[in-house]
Structures are given as structure tokens and as C-alpha cells.
Amino acid sequence: MEYYTYWSVLETPSHSIKPYSIFLIILIISIFAFLSVLKFRKNDDDDDKKIHLILISLFIALSLPCYIYLRFFNYDNTTERISKLLQSDRLKKAEGTISNYRRESEGKSMIESFEVNSVTFTYYDIHSMNSIISEATEVMIYMMV
Numbered sequence: 000m001e002y003y004t005y006w007s008v009l010e011t012p013s014h015s016i017k018p019y020s021i022f023l024i025i026l027i028i029s030i031f032a033f034l035s036v037l038k039f040r041k042n043d044d045d046d047d048k049k050i051h052l053i054l055i056s057l058f059i060a061l062s063l064p065c066y067i068y069l070r071f072f073n074y075d076n077t078t079e080r081i082s083k084l085l086q087s088d089r090l091k092k093a094e095g096t097i098s099n100y101r102r103e104s105e106g107k108s109m110i111e112s113f114e115v116n117s118v119t120f121t122y123y124d125i126h127s128m129n130s131i132i133s134e135a136t137e138v139m140i141y142m143m144v
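Per numbering that gives the first Met the number 0, the sequence shown runs over residues 0 to 144.
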């Protein structure tokens with residue numbers, strides 16, 4: 000019995016950080032820092048407290064408009080562009096039988112490599128991989144030109 004695996008770059012999980020989420024994180028941290036300085040710094044006459052509040056207010060004043068602009072006014076079509084590129088004819092296909100499959104571990108990282116029709120594929124995984132690939136597995140792999 001032969002098992003067939005068809006794999007494509009489109010099927011890989013990818014959760015990229017959106018640009019607006021960075022400004023949201025900065026905004027939330029700045030608000031918490033502002034409130035903590037306001038609450039825990041008891042000396043109202045202290046110049047350090049005023050300087051801290053002013054500097055944190057600058058982060059809030061800069062990150063809030065950036066978040067609003069990137070979230071609601073700037074359309075991010077990165078996912079659609081990558082999907083269209085991966086489905087286009089500009090990508091070469093390597094189809095064939097996997098051979099010379101090797102799995103090596105270096106510390107916490109796992110290195111796996113194999114060949115499909117004299118094309119060598121190597122990838123690194125920081126965490127241990129739980130994938131098993133048979134020597135006689137037919138595979139369709141898309142790769143960038």
C-alpha cells in the first residue's frame with residue numbers, strides 16, 4: 000500500500016503580526032504605564048512624575064492615531080497578494096518521490112531534509128517535529144522561483 004501526500008505552501012499555517020497590532024500593544028502598555036505612574040507616584044510636586052506622565056502621554060498621542068489609521072483607513076492586502084502569488088504560474092512545481100529523507104537534531108532545533116527529483120529541501124524547526132514522511136511518498140511541492 001502506498002500513501003500519497005500532496006503539500007503546498009498555501010497549506011502552511013501563517014499568522015503574521017499585522018501592523019496595527021503593534022501600535023495597539025504600544026497603546027495598551029502606555030495606558031497601563033500612565034495609570035500606574037499616576038496612581039503609585041505619590042508626590043504630586045515631583046518633577047519626575049510630571050516628566051514620566053508627559054513622556055508616556057507622547058507614546059499614547061502617537062500610537063492612538065497610528066492604530067486608528069492602520070486599522071480602519073489603510074487596507075492591508077498582504078494575505079491576498081501572497082495567496083495570488085502562490086497560485087500563479089511564476090512558481091515552479093517539484094513533483095516526485097521523496098528520497099534521502101534525513102532528520103537531525105541540534106540542541107532544541109530539528110533539521111529535516113529530503114530530495115524530490117534532485118531538488119533538495121531543508122527546513123529547520125525550533126520545536127520537535129511530529130511529522131513522519133515515508134520514502135515512497137509521492138509529493139507535490141510548490142517552491143518559489
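All C-beta atoms in this analysis are idealised placements derived from N, C-alpha and C, irrespective of residue type, glycine included.
Exercise. So, S87 versus I59, is the Cβ gap smaller than 8 Å?
Worked result: If you number the sequence shown from 1, residue 87 lands on position 88. If you number the sequence shown from 1, residue 59 lands on position 60. For S87 and I59, no; Cβs fall outside 8 Å.
For this session: Report the residue from F33, E103, F72 whose alpha carbon sits nearest the alpha carbon of P18.
Result: As a position in the sequence shown, residue 18 is number 19, starting the count at 1. Measuring from the Cα of P18, the nearest candidate turns out to be F72.
For this session: For the segment 36 to 80, list the alpha helix (DSSP H) runs that are entirely contained and at least 4 residues long, ordered along the chain.
Result: 46 to 67
For this session: Output the boundary residues of the beta strand (DSSP E) element that contains S108.
Result: Position 109 of the sequence shown, counting from 1, holds the residue named residue 108. 108 to 115 is the span of the beta strand (DSSP E), which, as asked, contains S108.
For this session: Taking only the alpha-carbon atoms, compute the straight-line gap between Y100 and I27 and give it to the nearest angstrom.
Result: The sequence position of residue 100 within the sequence shown is 101, counting from 1. The sequence position of residue 27 within the sequence shown is 28, counting from 1. The straight-line gap from Cα to Cα measures roughly 47 Å.
For this session: Quick one: measure Cβ to Cβ for S56 and F22, integer angstroms, because I've assumed they're closer than 8 Å.
Result: For the purposes of this step, residue 56 is taken as the residue at position 57 of the sequence shown. For the purposes of this step, residue 22 is taken as the residue at position 23 of the sequence shown. Not confirmed; about 16 Å, so no contact.
For this session: Using only alpha-carbon positions, find the residue among R89, I25, S112 that is nearest to Y66.
Result: What you label residue 66 is simply residue 67 of the sequence shown in a count that begins at 1. Of the listed residues, the one whose Cα sits closest to Y66 is I25.
Problem set entry | Assigned secondary structure, S87 (DSSP; H/G/I helix, E/B strand, else coil) | Here the question's residue 87 lines up with position 88 in the sequence shown. Coil.
Exercise. DSSP puts Y97 in a beta bridge; with which residues?
Worked result: Here residue 97 refers to the residue found at position 98 of the sequence shown. Checking the sequence shown, residue 97 turns out to be Ile, not Tyr. DSSP output for I97 lists V115 as bridge partner(s).
For this session: Report the partner residues of S82 according to the DSSP bridge assignment.
Result: As a position in the sequence shown, residue 82 is number 83, starting the count at 1. Beta-bridge pairing links S82 to no other residue.
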